[in-house]
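Engineer:
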Amino acid sequence: MTTVALKPATMAQALGRALRDAMAADPSVHVMGEDVGTLGGVFRVTDGLAKEFGDDRCTDTPLAEAGILGAAVGMAMYGLRPVVEMQFDAFAYPAFEQLISHVAKMRNRTRGAMPLPITIRVPYGGGIGGVEHHSDSSEAYYMATPGLHVVMPATVSDAYGLLREAIASDDPVVFLEPKRLYWSKDSWNPDEPPAVEPIGRAVVRRPGRSATLITYGPSVPVCLEAAEAARAEGWDLEVVDLRSLVPFDDETVAASVRRTGRAVVVHESGGFGGPGGEIAARVTERCFHHLEAPVLRVAGFDIPYPPPMLERHHLPGVDRILDAVGRLQWEAQS
Amino acid sequence: MTVMEQRGAYRPTPPPAWQPRTDPAPLLPDALPHRVLGTDAAAEADPDLLRRLHKELVRGRRYNVQATALTKQGRLAVYPSSTGQEACEVAAALVLEERDWLFPSYRDTLAAVARGLDPVQALTLLRGDWHTGYDPREHRVAPLSTPLATQLPHAVGLAHAARLKGDDVVALALVGDGGTSEGDFHEALNFAAVWQAPVVFLVQNNGFAISVPLAKQTAAPSLAHKAVGYGMPGRLVDGNDAVAVHQVLSEAIAHARAGGGPTLVEAVTYRIDAHTNADDATRYRVDAEVEAWRAHDPVALVERELTERGLLDEAALQAVRDDAEAMAADLRERMNQDPVLDPMDLFAHVYAHPTPQLLEQESLLRAELDAEADGTLGAGPHGPEGAGR
Numbered sequence: 001m002t003t004v005a006l007k008p009a010t011m012a013q014a015l016g017r018a019l020r021d022a023m024a025a026d027p028s029v030h031v032m033g034e035d036v037g038t039l040g041g042v043f044r045v046t047d048g049l050a051k052e053f054g055d056d057r058c059t060d061t062p063l064a065e066a067g068i069l070g071a072a073v074g075m076a077m078y079g080l081r082p083v084v085e086m087q088f089d090a091f092a093y094p095a096f097e098q099l100i101s102h103v104a105k106m107r108n109r110t111r112g113a114m115p116l117p118i119t120i121r122v123p124y125g126g127g128i129g130g131v132e133h134h135s136d137s138s139e140a141y142y143m144a145t146p147g148l149h150v151v152m153p154a155t156v157s158d159a160y161g162l163l164r165e166a167i168a169s170d171d172p173v174v175f176l177e178p179k180r181l182y183w184s185k186d187s188w189n190p191d192e193p194p195a196v197e198p199i200g201r202a203v204v205r206r207p208g209r210s211a212t213l214i215t216y217g218p219s220v221p222v223c224l225e226a227a228e229a230a231r232a233e234g235w236d237l238e239v240v241d242l243r244s245l246v247p248f249d250d251e252t253v254a255a256s257v258r259r260t261g262r263a264v265v266v267h268e269s270g271g272f273g274g275p276g277g278e279i280a281a282r283v284t285e286r287c288f289h290h291l292e293a294p295v296l297r298v299a300g301f302d303i304p305y306p307p308p309m310l311e312r313h314h315l316p317g318v319d320r321i322l323d324a325v326g327r328l329q330w331e332a333q334s
Numbered sequence: 335m336t337v338m339e340q341r342g343a344y345r346p347t348p349p350p351a352w353q354p355r356t357d358p359a360p361l362l363p364d365a366l367p368h369r370v371l372g373t374d375a376a377a378e379a380d381p382d383l384l385r386r387l388h389k390e391l392v393r394g395r396r397y398n399v400q401a402t403a404l405t406k407q408g409r410l411a412v413y414p415s416s417t418g419q420e421a422c423e424v425a426a427a428l429v430l431e432e433r434d435w436l437f438p439s440y441r442d443t444l445a446a447v448a449r450g451l452d453p454v455q456a457l458t459l460l461r462g463d464w465h466t467g468y469d470p471r472e473h474r475v476a477p478l479s480t481p482l483a484t485q486l487p488h489a490v491g492l493a494h495a496a497r498l499k500g501d502d503v504v505a506l507a508l509v510g511d512g513g514t515s516e517g518d519f520h521e522a523l524n525f526a527a528v529w530q531a532p533v534v535f536l537v538q539n540n541g542f543a544i545s546v547p548l549a550k551q552t553a554a555p556s557l558a559h560k561a562v563g564y565g566m567p568g569r570l571v572d573g574n575d576a577v578a579v580h581q582v583l584s585e586a587i588a589h590a591r592a593g594g595g596p597t598l599v600e601a602v603t604y605r606i607d608a609h610t611n612a613d614d615a616t617r618y619r620v621d622a623e624v625e626a627w628r629a630h631d632p633v634a635l636v637e638r639e640l641t642e643r644g645l646l647d648e649a650a651l652q653a654v655r656d657d658a659e660a661m662a663a664d665l666r667e668r669m670n671q672d673p674v675l676d677p678m679d680l681f682a683h684v685y686a687h688p689t690p691q692l693l694e695q696e697s698l699l700r701a702e703l704d705a706e707a708d709g710t711l712g713a714g715p716h717g718p719e720g721a722g723r
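So this is what it looks like as structure tokens:
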């Protein structure tokens, strides 16, 4: 038995490694987007790919998101597996018509004759001090569109594993990369990446008995921190990392809530019309007789993403989560 | 004071190393649309090509008439007729090699049929039994695109991918005059030119985007002029002259195939029928205009040329008409049969592997169908919590 050398790696490095390994394993994988080539991406996720695989496999495109995604559709129609980068969440909006009218529907329109294996990488979410249009949480738009998978890693291992799975998927995947976790580190062996649960399975990041925090992406570390803090108040919180909004893992989520009897959904996108409403409804439908309290939501405010100097007031933090956990003592209140 | 006014005193540092990429002059279209039929050049048109174009034009016209009749019978939800534009449709189909790809818009059913698609399959979208009724790979015809100009970047991507794979394939993308105002038109042309992709864009300028005339659509001298800014040639052609359209497209495709990059072709034509059967064209155009275009009919233009050169006698003409009539009769008969649909198909093609959520919904529909079949619809209790336990 050999000892594996674990090295600290950032999420950005793991994503880059996933792209590299996918390109090496399958010549039909093409990376494209604005600045992904020579510069290596504004977050350096694609660093070195153009050098290793050439401009034809890692292509700097004109600055045009509809064109990038539209061209990717044609490339996928001809048998390639494009991985496109949208650079920043709000920059993806010009590509929405391509995404919704074509990418999400081509398999369906053609009765399965023409699947589109496209991965759309979207650096998303706030907490990095970005100016406006650089911090949107856009997952609700994507999850409301049938035909797309919507995936978001929260750990370095998942960043690698889920991206490999996304690229290998025969369906289009919107791959949301939490920007504020790009520089989060974990000990990780790139030569022997750990096994990763496939797309569509949620994972219990921290087992607990008294309530479940249901979360994903950038809010996972916040929830883990809140769970540690809650111990002082006698709460043993379970943290479920969804990892994928579409498909949604009802089984893992419902099993957890049936064990704990209480649930809070935590995400940084707005609450009204946001993913939390859907998740709370699904939990209620499946676990009504097990619930000791209503399913609560801790979300960003229903406001345009705030300027960087105010974003800490908008993003759900430990205190706001603990406050919601306190409100789960429903019987005592009513 | 503006920059122009201070020019005498202004000593700008020239921008470093900036120079125009090319001389725009060779990219500019001719002032008048290219024509062959009715000119001396027509004498050199290949008789076989003329006969083939004629046969397809007559079939195309008959197809348009038949499909329009089917909408009146309620057999089609809608049919955007291409009557008057058949020369563009037919030429677009005939200039392509088998390995090439066609990217049609919603009005281009005829081009798809002329390329070999089953006439009934090509109408699936418009009948409403599914969205795309054919496998795009079978005849290399992309799904008819309803959103405007969004199929153009697909054509660019496919042509680019084919070239990366070393395949000798050209993509021809069709778009209307209204579609040239969309952002995707711009992005597609820009990508195509930067990548030098083997793709040809054919704009069928039929005068109106539903009711909006070209003058309210663009201030450009012609739509073909738009090519220049992207660094690709623009060509202007008489869209009712099948030989001219065939010629211009052939040259553009040969240019693309040889590695010369994309071309934008504008075919000036006219939509004789309304936008669709739901449209009232008398609200935005006058009869005199329609009649003037009827006098420049694409079918008649080829027919006249063939007749004058003695290449089409009465018997041959009748044979062509009989062939078109047989196609129409077959189309009518098959379209008058109700399509057999399987409701479970609703879930079959959303994902490669259905999500758990879709599997649940599939079971719900199956139970509804079973209940419908044995007359117990609405009887059974369903509860998600019960189902999920």
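Chains as they are written, first to last, in our numbering: chain A, 1 to 334; chain B, 335 to 723. The beta-carbon is built from N, C-alpha and C at its ideal position, and this holds for glycine as well.
In chain order, what residues of the region 85-105 of chain A put their CB closer than 8 angstroms to some CB of chain B?
Structural biologist: From the region 85-105 of chain A, only P94, E97, Q98, S101, H102, K105 have a Cβ closer than 8 angstroms to chain B.
Engineer: Given a limit of 9 angstroms on CB to CB distance, which residues of the region 467-485 of chain B reach chain A?
Structural biologist: The region 467-485 of chain B vs chain A, Cβ under 9 angstroms: G467, Y468, D469, P470, R471, E472, A476, P477, S479, T480, P481, T484, Q485.
Engineer: Over what stretch of residues does the alpha helix (DSSP H) that includes B/F681 continue unbroken?
Structural biologist: Here the question's residue 681 of chain B lines up with position 347 in the second sequence. Segment 679-682, the alpha helix (DSSP H) holding B/F681.
Engineer: Under 7 angstroms Cβ-Cβ, which residues of chain A neighbour B/Q455?
Structural biologist: As a first step, residue 455 of chain B must be located in the second sequence, where it is residue number 121. Ordered by position in chain A, no residue passes the 7 angstroms Cβ test against B/Q455, which lies about 11 angstroms from the chain.
Engineer: Taking the C-alpha atoms as reference points, what is the distance between A/R347 and A/H149?
Structural biologist: Residue 347 of chain A is absent from the structure shown; chain A starts at 1 and stops at 334.
Engineer: Name the DSSP bridge partner or partners of A/E238?
Structural biologist: For this step, residue 238 of chain A is matched to residue 238 along the first sequence. Partner(s): A/T212.
Engineer: Near B/D572, what residues of its chain come up, given a Cβ to Cβ distance below 7 angstroms and the 5 sequence neighbours on each side ignored?
Structural biologist: On the second sequence, position 238 is the one that residue 572 of chain B refers to. P367, H368, R369, A578, V602, listed in sequence order.
Engineer: Please report the distance separating the alpha-carbon of A/A140 from that of A/Y160.
Structural biologist: Position 140 of the first sequence, counted from the start, is the residue given in the question as residue 140 of chain A. Position 160 of the first sequence, counted from the start, is the residue given in the question as residue 160 of chain A. Cα to Cα, A/A140 sits roughly 24 angstroms from A/Y160.
Engineer: Mark A/D158 as exposed unless 16 or more other C-beta atoms lie within 10 angstroms of its C-beta, in which case mark it buried.
Structural biologist: In the first sequence, residue 158 of chain A corresponds to position 158, counting from 1. Its Cβ being crowded by 16 or more others within 10 Å, A/D158 is buried.
Engineer: Who are the neighbours of B/G462 on chain A, taking C-beta pairs under 7 angstroms?
Structural biologist: Working through the second sequence from its first residue, we reach residue 462 of chain B at position 128. Within 7 angstroms Cβ-Cβ: nothing; B/G462 doesn't reach chain A, min ~13 angstroms.
Engineer: Could you tell me the alpha carbon to alpha carbon distance between B/G500 and A/A254, rounded to whole angstroms?
Structural biologist: As a position in the second sequence, residue 500 of chain B is number 166, starting the count at 1. As a position in the first sequence, residue 254 of chain A is number 254, starting the count at 1. Cα-Cα distance, rounded: 51 angstroms.
Engineer: Give the DSSP-derived three-state secondary structure of B/S416 in the structure shown.
Structural biologist: To locate residue 416 of chain B, count along the second sequence from 1; it is residue 82. Coil.
Engineer: Please state whether DSSP places B/E623 in a helix, a strand or coil.
Structural biologist: What you label residue 623 of chain B is simply residue 289 of the second sequence in a count that begins at 1. Here B/E623 sits in helix by DSSP.
Engineer: Which residues share a DSSP beta bridge with B/L436?
Structural biologist: Numbered from its first residue, the second sequence carries residue 436 of chain B at position 102. Answer is B/V475, B/L506, bridged to B/L436.
Engineer: So that I know if they touch, is there some Cβ in chain B lying closer than 8 angstroms to that of A/G161?
Structural biologist: Sequence index remark: in the first sequence, residue 161 of chain A carries index 161 (1-based). Not closer than 8 angstroms to any Cβ of chain B, the Cβ of A/G161 fails to qualify, so no.
Engineer: By DSSP, does B/E694 sit in helix, in strand, or in coil?
Structural biologist: On the second sequence, residue 694 of chain B is found 360 positions in, with the first residue counted as 1. Reduced to three states, the DSSP call for B/E694 is helix.
Engineer: Any idea what DSSP makes of B/T616, helix, strand or coil?
Structural biologist: Counting from 1 along the second sequence, the entry for residue 616 of chain B is found at position 282. The answer is helix: DSSP assigns B/T616 an H, G or I state.
Engineer: Just tell me which of A/V174, A/K179, A/R205, A/C223 has its CA closest to the CA of A/D323.
Structural biologist: Residue mapping note: residue 323 of chain A aligns to position 323 of the first sequence, counting from 1. Checking every option, the nearest Cα to that of A/D323 belongs to A/C223.
Engineer: Roughly how many whole angstroms lie between the Cα atoms of A/P294 and A/T212?
Structural biologist: Translated into positions along the first sequence, residue 294 of chain A becomes position 294. Translated into positions along the first sequence, residue 212 of chain A becomes position 212. So the two alpha carbons sit approximately 12 angstroms from each other.
Engineer: For a minimum of 3 consecutive residues, which ranges assigned as the beta strand (DSSP E) are wholly contained in the region 135-203 of chain A?
Structural biologist: Those beta strand (DSSP E) runs which fall completely within the region 135-203 of chain A and span 3+ residues are 149-151, 173-178, 185-188.
Engineer: In this structure, how does DSSP classify A/L245 when only helix, strand and coil are distinguished?
Structural biologist: Start at 1 with the first residue of the first sequence, and residue 245 of chain A comes out as number 245. In the structure shown, A/L245 sits in a strand (DSSP, three-state: E or B).
Engineer: If contact means a Cβ-Cβ distance below 8 angstroms, which residues of the region 47-68 of chain A contact chain B?
Structural biologist: The region 47-68 of chain A vs chain B, Cβ under 8 angstroms: D56, T61, P62, A64, A66, G67.
Engineer: Between which residues of its own chain and A/T215 is the CB-CB distance below 6 angstroms, once the five residues before and five after are set aside?
Structural biologist: Start at 1 with the first residue of the first sequence, and residue 215 of chain A comes out as number 215. The residues are C223, V266.
Engineer: Against A/L181, what residues of chain B qualify as contacts under a CB-to-CB distance less than 9 angstroms, listed in chain order?
Structural biologist: Locating residue 181 of chain A in the first sequence gives position 181, where the first residue counts as 1. Chain B residues near A/L181: none, gap ~26 angstroms exceeds 9 angstroms.
Engineer: Decide if A/K7 is buried, meaning its Cβ has at least 16 other Cβ atoms within 10 Å, or exposed.
Structural biologist: As a working note, residue 7 of chain A is residue 7 in the first sequence. It is exposed - the Cβ of A/K7 has fewer than 16 other Cβ atoms within 10 Å.
Engineer: Answer yes or no: do B/Q485 and B/Y468 have a C-beta to C-beta separation smaller than 8 angstroms?
Structural biologist: Taking the second sequence and counting its residues from 1, the one referred to as residue 485 of chain B is at position 151. Taking the second sequence and counting its residues from 1, the one referred to as residue 468 of chain B is at position 134. No.
Engineer: Can you give the Cα-Cα distance for A/G326 and A/G126, rounded to whole angstroms?
Structural biologist: Looking up residue 326 of chain A in the first sequence gives position 326. Looking up residue 126 of chain A in the first sequence gives position 126. Straight-line Cα distance between these residues: approximately 26 angstroms.
Engineer: Under 8 angstroms between the Cβ atoms of A/S269 and A/G300?
Structural biologist: What you label residue 269 of chain A is simply residue 269 of the first sequence in a count that begins at 1. What you label residue 300 of chain A is simply residue 300 of the first sequence in a count that begins at 1. For A/S269 and A/G300, yes; Cβs fall inside 8 angstroms.
Engineer: Does the structure place the region 528-546 of chain B close enough to the region 505-514 of chain B that three or more beta carbon pairs sit under 8 angstroms?
Structural biologist: Touching, yes, given that three or more Cβ pairs across the two stretches are closer than 8 angstroms.
Engineer: Can you tell which of B/L699, B/M669, B/L410, B/R393 has the C-alpha that lies nearest to the C-alpha of B/Q419?
Structural biologist: The count along the second sequence starts at 1 and reaches residue 419 of chain B at position 85. Among B/L699, B/M669, B/L410, B/R393, the Cα nearest to that of B/Q419 belongs to B/R393.
Engineer: How do the region 551-571 of chain B and the region 357-367 of chain B stand: do at least 3 beta-carbon pairs fall below 8 angstroms, yes or no?
Structural biologist: Yes, they touch.
Engineer: Could you check what DSSP says for A/Y124 in three-state terms: helix, strand or coil?
Structural biologist: Counting from 1 along the first sequence, the entry for residue 124 of chain A is found at position 124. Looking at A/Y124 - three-state DSSP - the assignment turns out to be strand.
Engineer: For B/H630, which residues of its own chain have a beta-carbon under 6 angstroms away from its beta-carbon, when the five flanking residues on both sides are left out?
Structural biologist: Looking up residue 630 of chain B in the second sequence gives position 296. The residues are N574.
Engineer: Counting C-beta neighbours from all protein chains within 10 Å, is the total for A/L310 16 or more, i.e. buried, or is it exposed?
Structural biologist: In the first sequence, counting from the first residue as 1, residue 310 of chain A sits at position 310. Exposed, because fewer than 16 other Cβ atoms sit within 10 Å of the Cβ of A/L310.
Engineer: Quick one, which residues of the region 232-252 of chain A are near chain B if we go by CB-CB under 7 angstroms, in chain order?
Structural biologist: Flagged, chain order: V246, P247, F248, D250.
Engineer: Confirm the yes/no value for this check: CB of B/L583, any heavy atom of the ligand COA, distance under 7 angstroms.
Structural biologist: Within the structure as shown, the ligand COA is missing, as the structure has no ligands at all.
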